[in-house]
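**Q**
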Amino acid sequence: MAINKVFENGKYKYEVFVKTRDKSGKQVARRKRWFTSERDAKKAEHEILNELEGHRNKITWESWCEHALEKYRLEYRYSTYSNYKHCMNKWFTPIWKGRFIEDIKQSEVHEIIYVSCAHLSSQTKRGLLKVAKRFFNLAIEEGVLIRNPAVGIRIHCTEANQAVLNRTEVEVLLKQAKLQEHRFFEHWTLALLTGMRSGELYSLKWTDIDLVTGKISVSRAWTKKNGEGPTKTAKSRVVPISKECRKFIERLKLKSAGSELVLPRLWEWDQGLQAQVLKHFCAQIGITEVKFHDLRATFITQMLNNGVALAKVMSIVGHSSLKTTQGYLRLSGKDVEGATEDLRISVPDDAHMTDNVRPLFQS
Numbered sequence: 000m001a002i003n004k005v006f007e008n009g010k011y012k013y014e015v016f017v018k019t020r021d022k023s024g025k026q027v028a029r030r031k032r033w034f035t036s037e038r039d040a041k042k043a044e045h046e047i048l049n050e051l052e053g054h055r056n057k058i059t060w061e062s063w064c065e066h067a068l069e070k071y072r073l074e075y076r077y078s079t080y081s082n083y084k085h086c087m088n089k090w091f092t093p094i095w096k097g098r099f100i101e102d103i104k105q106s107e108v109h110e111i112i113y114v115s116c117a118h119l120s121s122q123t124k125r126g127l128l129k130v131a132k133r134f135f136n137l138a139i140e141e142g143v144l145i146r147n148p149a150v151g152i153r154i155h156c157t158e159a160n161q162a163v164l165n166r167t168e169v170e171v172l173l174k175q176a177k178l179q180e181h182r183f184f185e186h187w188t189l190a191l192l193t194g195m196r197s198g199e200l201y202s203l204k205w206t207d208i209d210l211v212t213g214k215i216s217v218s219r220a221w222t223k224k225n226g227e228g229p230t231k232t233a234k235s236r237v238v239p240i241s242k243e244c245r246k247f248i249e250r251l252k253l254k255s256a257g258s259e260l261v262l263p264r265l266w267e268w269d270q271g272l273q274a275q276v277l278k279h280f281c282a283q284i285g286i287t288e289v290k291f292h293d294l295r296a297t298f299i300t301q302m303l304n305n306g307v308a309l310a311k312v313m314s315i316v317g318h319s320s321l322k323t324t325q326g327y328l329r330l331s332g333k334d335v336e337g338a339t340e341d342l343r344i345s346v347p348d349d350a351h352m353t354d355n356v357r358p359l360f361q362s
């Protein structure tokens with residue numbers, strides 16, 4: 000087998016030549032030209048070889064899943080691996096069990112997503128399709144498949160509304176939580192002052208806080224499935240401490256009674272019920288019903304509203320891409336701020352009308 004690279008008219012083009020023996024042992028050969036990329040040439044080489052040999056290595060869907068899952072178990076977080084395994088075992092393997100992976104068609108993937116999973120939300124369907132694509136892509140990378148049967152299937156999702164608190168609601172939340180001596184007051188306050196994730200706050204120790212330099216080092220996070228491990232993006236970051244945050248941390252330190260943990264691990268937090276606790280309290284005091292993670296979104300929108308550069312916000316909250324942070328611009332309204340001033344429409348006031356309208360009847 001060979002792929003020949005030829006330079007002609009200022010461009011490279013590729014020729015594929017395959018020579019092998021078929022199932023009967025007879026020597027066969029085929030040449031195909033011209034390809035504009037080496038990737039296309041390699042794909043054609045693989046197709047020709049399979050055609051000439053008259054067979055391919057047959058791998059069943061369940062065998063492939065077992066292989067892929069073992070790879071993901073070693074490479075990804077346990078929660079990710081567990082999610083992939085659940086998706087395969089519940090939705091795909093029961094239908095494709097005993098099937099050869101190369102025989103699975105796009106229409107069959109489509110049927111699972113749109114028929115078998117018809118009762119699921121669009122976001123869940125999109126998640127299942129994403130997992131299926133990943134399994135098929137791995138098969139392509141390892142030379143088991145030529146094409147991904149999950150590619151080309153689209154799922155239209157309505158954008159999920161991200162709940163955030165405005166400045167007034169933040170003040171109401173903290174004031175009421177303080178007055179009522181709510182057990183989560185300190186947790187909510189630190190979340191709003193730092194933008195840290197719940198799992199990052201759960202793992203936060205006093206050794207991570209440097210009041211001399213005014214920085215918090217964020218390198219760990221806790222999840223119910225994985226326990227303590229790296230942050231969501233597997234990267235450490237630094238959160239600057241504001242003056243208000245410094246005062247709060249100093250008061251918190253005095254109350255910590257020698258504990259290595261910054262915040263007390265309340266039983267609701269241990270059980271992952273912190274979202275329900277906050278939502279219930281918000282309903283009780285009459286503000287937007289947000290979950291614990293929405294305090295992070297509130298922090299981001301407040302930062303953007305106050306004119307902090309997008310790149311700085313991205314760095315502080317630990318987003319892996321600027322695109323994620325940009326999504327909060329719409330929530331903050333910063334991207335359209337002042338735009339309506341260009342309307343140049345004047346509304347007459349009462350005084351203006353009185354001065355300029357002549358009486359209909361004059362004596």
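Numbering of the sequence shown is given in numbering that gives the first Met the number 0, commencing with residue 0 and proceeding in unit increments. From the three backbone atoms N, C-alpha and C, an ideal C-beta is built for every residue, glycine too.
(1) Taking only three categories from DSSP, how would you classify residue 11?
(2) Nearest CA to the CA of residue 70: which residue from 89, 141, 38, 203?
(3) Checking the sheet assignment: what are the DSSP bridge partners for residue 28?
(4) Would you kindly work out how many angstroms separate the C-alpha atoms of residue 59 and residue 37, rounded to a whole number?
(5) Taking contact to mean at least 3 C-beta pairs separated by less than 8 Å, is the stretch 148-155 in contact with the stretch 96-116?
(6) Is residue 124 buried or exposed, if buried means 16 or more other CB atoms sit within 10 Å of its CB?
(7) Assuming residue 309 and residue 294 are in contact, meaning their beta carbons sit under 8 Å apart, how far apart are those beta carbons, in whole angstroms?
(8) CA-CA distance, residue 333 and residue 303?
(9) Am I right that residue 276 and residue 267 are in contact with their C-beta atoms under 8 Å? What's the rounded C-beta distance?
(10) Among the candidates 68, 95, 73, whose CA atom is the shortest distance from the CA of residue 85?
(11) Using 8 Å as the Cβ pair cut-off and three pairs as the minimum, do the stretch 282-294 and the stretch 187-196 touch?
(12) Using C-beta distances below 6 Å, list every residue in its chain close to residue 236, excluding the 5 sequence neighbours before and after it, in chain order.
(13) Got a sec? Which residues, its chain only, sit under 8 Å from residue 82 by beta carbon, not counting five neighbours each side?
(14) Mind checking whether residue 19 and residue 64 have CB atoms under 7 Å apart?
(15) Quick one: grab the DSSP three-state call for residue 344.
(16) Pull the bridge partners of residue 1 from the DSSP assignment, please.
(17) For residue 117, which of helix, strand or coil comes out of DSSP?
(18) Count the other C-beta atoms from every protein chain shown that fall within 10 angstroms of the C-beta of residue 144, then say buried if there are 16 or more, exposed otherwise.
(19) Where do the ends of the beta strand (DSSP E) carrying residue 323 lie?
(20) Buried or exposed, going by whether 16 or more other CB atoms sit within 10 Å of the CB of residue 329?
(21) Going by C-alpha distance, which of 44, 225, 34, 47 is nearest residue 75?
(22) State the Cα-Cα distance for the pair residue 199 and residue 348, rounded to the nearest angstrom.
(23) Tell me where the alpha helix (DSSP H) around residue 245 begins and ends.
(24) Rounded to the nearest angstrom, what separates residue 181 and residue 270 at their Cα positions?
(25) How many angstroms separate the CA atom of residue 154 from the CA atom of residue 255?
(26) What is the DSSP secondary structure of residue 216, reduced to helix, strand or coil?
(27) Three-state secondary structure (DSSP) at residue 229?
(28) Are the CB atoms of residue 17 and residue 29 within a distance shorter than 7 Å?
(29) Can you look up residue 261 in the DSSP assignment and give me helix, strand or coil?
(30) What is the DSSP secondary structure of residue 59, counted as helix, strand or coil?
(31) Tell me the residue span of the alpha helix (DSSP H) that contains residue 239.
(32) Unbroken alpha helix (DSSP H) runs of length 4 or more, entirely within the stretch 145-187: which are they?
**A** Quick look at the numbers:
(1) strand
(2) 141
(3) 18
(4) 29 Å
(5) yes
(6) buried
(7) So it is not a contact: roughly 20 Å between Cβ atoms.
(8) 7 Å
(9) 5 Å
(10) 68
(11) yes
(12) 217, 317
(13) 130
(14) no
(15) coil
(16) 16
(17) coil
(18) buried
(19) Note, residue 323: premise wrong, no beta strand (DSSP E); alpha helix (DSSP H) at 321-331.
(20) exposed
(21) 225
(22) 54 Å
(23) 242-254
(24) 18 Å
(25) 49 Å
(26) strand
(27) coil
(28) yes
(29) coil
(30) strand
(31) Run containing residue 239: none in the alpha helix (DSSP H); it sits in the beta strand (DSSP E), 236-239.
(32) 166-178
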